[in-house]
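Colleague: Okay, handing you the structure first.
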């Protein structure tokens, strides 16, 4: 639908498995000092010289996690990397390498895979990470992507989900809810397209939220900002499933409760306008909508002055004793228990 | 066919995604000093205290890499781990942790996943590796497995594919060709079963080769043996695609040629007998049949005395100048160029 049709179609059988991997990865040259040996042996060799090694992995399945009707392959390559880099950033550490494995059915020509890898290459370049390995094979149906991100961290800075204490401030980066609403717009246009393929959608008013869905970013800049501000968060997580679900993860693993203030949740004007258009409550979208890949963290109150006024950071609540529970404090000053509305792929 | 049908079937929707991961991994407790933080945060944290980090990853797809008709899920869980541990061993390093990601369609009940994870647990226990992360999600078709193995190595011992020199000896561990022939027997029995489901196959004569196919081992013992013998191989690879293909990898990456002697290739008596039964040439099976997960390596001639007579190790040839090429020297003393008969999943 939004995707260009490639003219040239080289069947994958023409290359064979080894030649395919070689072809797709030929322009990926290691740049990080910690990459001792990248692609081309039985395993990758990395040297973190006494720093900690961080590992995170994700599986993305066509028809479950992405829809190629409106997801250009280049964006998919980019996003597949980003969601994993985000997990490393959520440990207050820096991503350094990735491996990318891909399984595709015969309906994908070589040019499609090149598109995908060009998105991977863009992410590698922007985030300064090396592609160091992976696997390319055939699937019996559709496209499957498995990415492993590797990072490096100083043990004094690595931040877990489990360190929040009562009275800590709850901070979120950027704004939330956009990626979910972008998906709603794309799904709506897909339905329109099914009925009338000639229809040219005007997506201009939705540029911001569609970009949030198709081309999210990992907040590596925040890890660097916190270092500069000399703030060590007490707990941290990234927002992949929605604000509500992530707050509950921090509460559960830290053994604390939380008050989240509805009027503090940062929303982009496009999110507010599009929520109204869809007759949905923007707070509910912020709480339940996932894939924003912003960071959510807690800081000690003594660090408040250091982050105050920073446009990237919004204090949205504070942690309390576990027994008091986790609540949304509404604009009308009523308290509603937070519920995990995390996305469950088995309930489709 | 060879698999027990489970009586109890708990649909995966009953648990939801977070509860499912928690349930399946609840008995996996970190045991390695290098595992700082295992399952349960955005990323795993490992500490190799100055040693190198090794990473290897593989994607296994139902209908491409395995057939659940004759592959019990417990064995599949075991084998999925082994094939990745083997890659770490092939660097002359020791595997320490794994991540396992799984995507399954709704036809798999919880009990099937428990079976799979019990195989993963057995491999973890036997090889002393920790399960430290992964992902569990739904697929639109069949079962997909992505495993990443992590290892630790001393930079003085890590062995690449690229270090072989002319006059080095070519050594293989164990015996080869069994896993491929085991697969042929299982495929034959599957066809018989389709025609006559009442038929009880007598697989007893094929026990060794079926086990080679369904329950391979990673040669971690060889890495330890080489350390004890004070032998540092000059190059090393594991045999996943067949002896011929792996020898050519060593030759290409080291810039050398090779003479492989047909009469030295170690074959189990079951391999010889079953080859005759299938009217196949046992040497061709050893050269082209994959999945043995033995190690293939080269050593300097001065180390020959250290490995001589060890029942685990067989010298099967020697490396020569690149210009002389890579050949099989037959029993009749004729030279045949080695060809890569590696398995190509896009040619099925």
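Chains as they are written, first to last, in UniProt numbering: chain A, 1 to 348; chain B, 1 to 348.
Just so it is clear, CB atoms sit at the ideal spot from N, CA and C, and this is done for glycine as well.
Look at the alpha carbon of residue 6 of chain B and the alpha carbon of residue 115 of chain B, and state the distance between them as a whole number of angstroms.
Modeller: For residue 6 of chain B, the pLDDT reaches just 49, beneath the cut-off of 50, and the residue's location in the model is therefore unreliable, although a value from the coordinates is still provided. Approximately 10 Å between the Cα atoms of the pair.
Colleague: Give me, in chain order, the residues of the same chain whose beta-carbon lies closer than 8 Å to that of residue 285 of chain A; leave out the 5 immediate sequence neighbours on both sides.
Modeller: Scanning its chain for C-beta atoms nearer than 8 Å, with the 5 sequence neighbours on each side dropped, one finds around residue 285 of chain A the residues 177, 180, 181, 271 and 275, in chain order.
Colleague: Considering Cα atoms alone, identify which of A:252, A:15 and A:336 is closest to residue 322 of chain A.
Modeller: With distances taken between Cα atoms, residue 322 of chain A lies closest to A:252.
Colleague: Residue 49 of chain B versus chain A: which residues are under 7 Å apart at the beta carbon?
Modeller: 50
Colleague: Between residue 348 of chain B and the rest of its own chain, which residues show a CB-CB distance below 6 Å, the 5 nearest in sequence each way excluded?
Modeller: Low confidence applies here, because residue 348 of chain B scores a pLDDT of 39, under 50, leaving its location unreliable; read the following figure in that light. Cβ within range, chain order: n/a, list empty.
Colleague: So, is the C-beta of residue 148 of chain B closer than 9 Å to a C-beta in chain A?
Modeller: Yes, because at least one Cβ of chain A sits closer than 9 Å to the Cβ of residue 148 of chain B.
Colleague: Going along the chain, which residues of its own chain have a beta-carbon closer than 6 Å to the beta-carbon of residue 330 of chain B, five neighbours each way excluded?
Modeller: 262
Colleague: Reducing DSSP to helix, strand and coil, say where residue 173 of chain B ends up.
Modeller: strand
Colleague: Below 8 Å on C-beta distance, what does residue 91 of chain A contact in chain B?
Modeller: 41, 42, 43 and 45
Colleague: Relative to the ligand PLP, is the shortest distance from any of its heavy atoms to the C-beta of residue 184 of chain B smaller than 8 Å?
Modeller: Although the ligand PLP was asked about, the structure shown includes no ligands whatsoever.
Colleague: Per the contact definition of three or more C-beta pairs closer than 8 Å, is the segment 143–161 of chain B in contact with the segment 92–109 of chain B?
Modeller: yes
Colleague: Start and end of the alpha helix (DSSP H) containing residue 87 of chain A?
Modeller: 73–89
Colleague: Please state the DSSP three-state secondary structure of residue 335 of chain B.
Modeller: strand
Colleague: State the CB to CB distance for the pair residue 160 of chain A and residue 241 of chain B, rounded to an integer number of angstroms; the pair is presumed to be in contact (CB under 8 Å).
Modeller: Actually they are not in contact, since the Cβ atoms of residue 160 of chain A and residue 241 of chain B sit about 41 Å apart, beyond 8 Å.
Colleague: Can you give, in chain order, each stretch of the beta strand (DSSP E) that sits fully within the segment 225–292 of chain B and has at least 3 residues?
Modeller: 235–238 and 257–261
Colleague: Across the segment 49–68 of chain B and the segment 134–145 of chain B, are there enough close Cβ pairs to call them in contact, namely three or more that are closer than 8 Å?
Modeller: yes
Colleague: Do residue 99 of chain A and residue 132 of chain A have their beta-carbon atoms positioned less than 9 Å apart in this structure?
Modeller: yes
Colleague: Anything in the segment 58–85 of chain B with a Cβ closer than 8 Å to a Cβ of chain A? List those residues in chain order, please.
Modeller: 58, 59, 61, 62, 63, 64 and 65
Colleague: Measuring alpha carbon to alpha carbon, tell me which of B:333, B:8, B:295 and B:326 ends up nearest residue 166 of chain B.
Modeller: B:326
Colleague: Spatial neighbours of residue 306 of chain B within its chain, please: CB distance less than 6 Å, with the 5 preceding and 5 following residues excluded, ordered by chain position.
Modeller: 229 and 231
Colleague: Once DSSP output is grouped into helix, strand and coil, what is the label at residue 97 of chain B?
Modeller: strand
Colleague: Which residues, in order along the segment 127–141 of chain A, keep a beta-carbon less than 8 Å from a beta-carbon of chain B?
Modeller: 132, 133, 134, 135, 137, 138, 139, 140 and 141
Colleague: Tell me residue 135 of chain B's beta-bridge partners as DSSP assigns them.
Modeller: B:101
Colleague: For a test of the three-state rule: what should DSSP assign to residue 304 of chain A, helix, strand or coil?
Modeller: Helix.
Colleague: Does the beta carbon of residue 36 of chain A sit closer than 9 Å to a beta carbon anywhere in chain B?
Modeller: Yes, residue 36 of chain A lies at the interface with chain B (some Cβ there is under 9 Å from its Cβ).
Colleague: Is any beta-carbon of chain B found at less than 9 Å from that of residue 282 of chain A?
Modeller: no
Colleague: Suppose you measure from the CA of residue 112 of chain B to the CA of residue 80 of chain B; what does that come to, to the nearest Å?
Modeller: 15 Å
Colleague: Could you tell me whether the Cβ atoms of residue 227 of chain A and residue 157 of chain A are closer together than 9 Å?
Modeller: yes
Colleague: Hey, out of A:211, A:281, A:287 and A:236, whose CA is closest to residue 91 of chain A's CA?
Modeller: When only C-alpha atoms are compared, the closest one is A:236.
Colleague: Name the residues in the segment 96–126 of chain B whose C-beta lies less than 7 Å from a C-beta of chain A; which are they?
Modeller: For the segment 96–126 of chain B, the set of positions with a beta-carbon nearer than 7 Å to some beta-carbon of chain A reads 99, 101 and 103 in chain order.
Colleague: Rounded to a whole number of angstroms, what is the C-alpha to C-alpha distance between residue 336 of chain B and residue 13 of chain A?
Modeller: Note on geometry: alpha-carbon atoms of residue 336 of chain B and residue 13 of chain A lie some 27 Å from one another.
Colleague: Report the three-state DSSP secondary structure of residue 115 of chain A (helix, strand or coil).
Modeller: helix
Colleague: Mind checking which residues open and close the beta strand (DSSP E) that includes residue 52 of chain B?
Modeller: In the DSSP assignment, residue 52 of chain B falls within the unbroken beta strand (DSSP E) covering 52–61.
Colleague: Given a limit of 7 Å on CB to CB distance, which residues of the segment 225–242 of chain B reach chain A?
Modeller: 237 and 238
Colleague: Quick check on residue 6 of chain B: does DSSP put it in helix, strand or coil?
Modeller: With a pLDDT of only 49 at residue 6 of chain B, under 50, the local geometry of the prediction cannot be trusted, and the value read off the model is given with reservation. Coil at residue 6 of chain B, not helix or strand.
Colleague: What would DSSP say about residue 321 of chain A, mapped onto helix, strand or coil?
Modeller: strand
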